[in-house]
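Participant: Shown below is the structure under consideration.
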Amino acid sequence: MLEVSTIREGDPYLKFDAGESFDNNSVYEAYEKDIGVKITNQWVAADANQYKEKLKIAIASNDIPDLMLVDATQLQQLIEADMIMDLTAVYDKASTPETKKFMKMDGGIQMKSATFGGKLMAIPRTSNPFYAQFLYVRTDWLKKLSLPEPKTMQDLMTGCWFPGILVGIAHDQSQAVTARHRGEIGGTWQSGGAIGAAKRVFGG
2 MLEVSTIREG DPYLKFDAGE SFDNNSVYEA YEKDIGVKIT NQWVAADANQ
52 YKEKLKIAIA SNDIPDLMLV DATQLQQLIE ADMIMDLTAV YDKASTPETK
102 KFMKMDGGIQ MKSATFGGKL MAIPRTSNPF YAQFLYVRTD WLKKLSLPEP
152 KTMQDLMTGC WFPGILVGIA HDQSQAVTAR HRGEIGGTWQ SGGAIGAAKR
202 VFGG
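Taken in order, the sequence shown gives residues 2 to 205; the numbers are from the working numbering.
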């Protein structure tokens, strides 16, 4: 059994099943059962701001976990302080052919964003095309436009554009569908999608 420590950003809106928590849940259990990796949390921050502050302290005190999510500035600090390892050989040996193919489907841009001096110093955060994405439909906007709730993608595509009628945050075109610009599920719409997110996170 391989034991790996990490840190987590909490989510006040996340609800676990009875008996589960950030430290004990079905996902962590699946890691242990399916791939033989036991994950332990050094700490779980209350929100994004606390995560950033606690990670800043952890880096300054050289008390970091085995695996963590960092931004471009934090990654640069870790590299300059020689606190993280070169992942090139590990990635080449442990990654499946499917993973390697997927990670280069953008022409290698995201992998380049995590490479410094020819060394892979981080794994870019990307988005899985097979991941179940979500659409959020503002019901108050639907009511304002006298639209029924869409049942199919065709309903959505034919019913969400009303030129000349502005709703919500007053875009150039009227739309009853929106996505959170930052931190949305899956990162699909995040300032250019997975590639944009990888550039932003890893400084490419």
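The beta carbon of each residue, even a glycine, is placed where N, CA and C say it ideally should be.
How close, in whole Å, do the beta carbons of D87 and M122 come, if the pair is a contact with beta carbons under 8 Å?
Facilitator: 7 Å
Participant: Which of helix, strand or coil does DSSP assign to Y137?
Facilitator: In the structure shown, the three-state DSSP call for Y137 is strand.
Participant: Three or more beta-carbon pairs under 8 Å between the region 97-109 and the region 147-159, yes or no?
Facilitator: no
Participant: Would you kindly report the start and end of the unbroken beta strand (DSSP E) that includes V45?
Facilitator: V38 to A46
Participant: Short check: CB of V91 to CB of V38, under 8 Å?
Facilitator: No.
Participant: With distances taken from CA atoms, which of D18, F117 and Y137 is nearest I80?
Facilitator: F117
Participant: Considering only their Cβ atoms, is the gap separating G11 from D48 smaller than 8 Å?
Facilitator: yes
Participant: Whole angstroms is fine: what's the gap from D35's alpha carbon to Q43's?
Facilitator: Separation of D35 and Q43 (C-alpha to C-alpha, rounded to the nearest whole angstrom) is 22 Å.
Participant: To which residues of the same chain is Q75 closer than 7 Å at the C-beta, ignoring the five residues directly before and after it?
Facilitator: Listed in chain order, the non-local C-beta contacts of Q75 below 7 Å within the same chain comprise L56 and I60, local neighbours out to five positions each way being set aside.
Participant: Rounded to whole angstroms, what is the Cα-Cα separation between D18 and G119?
Facilitator: 44 Å
Participant: Give the single residue among A115, D93, T89 and T127 whose Cα lies nearest to the Cα of M106.
Facilitator: T127
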